[in-house]
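The opening position of the sequence shown corresponds to residue 430 in the working numbering, with each subsequent residue numbered one higher.
For each residue, glycine too, the CB sits at the ideal point set by N, CA and C.
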Amino acid sequence: RADLSAFLMQLAADIGAQSYLLFAVLHERERHTGQIISSNWIYDAIELCGLDFITRLAGLATDIGQAPRSIRPDEAPELPGIIDGETARILCVLGHNELYVLKLAVGRRRYFLVLSCGEPASIRAEQLGRAQLNCCYVLSTMHAMLAAATVRDPLSDRERECLSWVSEGKTTEEVALILG
């Protein structure tokens, strides 16, 4: 875990970010929650913004190969349902005036990396694609550690969907037909 933190600190510094937050989105019954894997955000930023906000950031993540999207909390009205006014104010006060959220594919798992800085345009956006690939590679070498950090529900989304249909009285054949 210390190696992961050291890697992420260096990655952030290399592209001009001051902070990083690596998280996974866990699927529990009808609810999705964020699980922080590694971060150098101060405790107050995480506590005041909340895990629900961090989980919602996954919806803004840039896939590998896509142009990165700058998120400016001071422009929060453009992101309804993601960042409200109070969260935007907290982020700005605590030095997260610009954020980038990257989706990381590691096997079948998806992680999200938030890179932020206090001064907009400090992060070198043209280097984010390479940083995203490097991060995926490093995370793939730490599979066992990451799996242990994010395991709560042993069922996949597909298994959960199957069980949902079975609980409604569908037969195996009907579930197969519904799910294709």
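Here the alpha carbon of Asp443 sits roughly 31 angstroms from the alpha carbon of Pro509. The Cβ atoms of Leu486 and Val567 lie no closer than 8 angstroms to each other. For the pair Gln561 and Lys532, the Cα-to-Cα distance works out to about 8 angstroms.
Shown here for Asn563: same chain residues with a beta carbon closer than 8 angstroms to its own, the five before and five after excluded, namely Leu440 in chain order. Secondary structure note for Leu557: it is in no beta strand (DSSP E), and the uninterrupted alpha helix (DSSP H) holding it is 557-570. By the Cβ rule, the stretch 546-562 does not count as touching the stretch 476-486, because fewer than three pairs are nearer than 8 angstroms. Within 10 angstroms of the beta-carbon of Gly463 lie 16 or more other beta-carbons, which makes it buried.
Nearest in C-alpha terms to Cys546, of all of Gln447, Phe436, Arg430, is Gln447. Note that the C-beta distance between Ala453 and Tyr529 is not below 8 angstroms. Non-local beta-carbon contacts of Asn469 in its own chain, meaning distances under 7 angstroms to residues more than five positions away in sequence, involve Met438, Ser448, Tyr449 in chain order.
In this structure, the CA atom of Ile519 is about 13 angstroms from the CA atom of Ile483.
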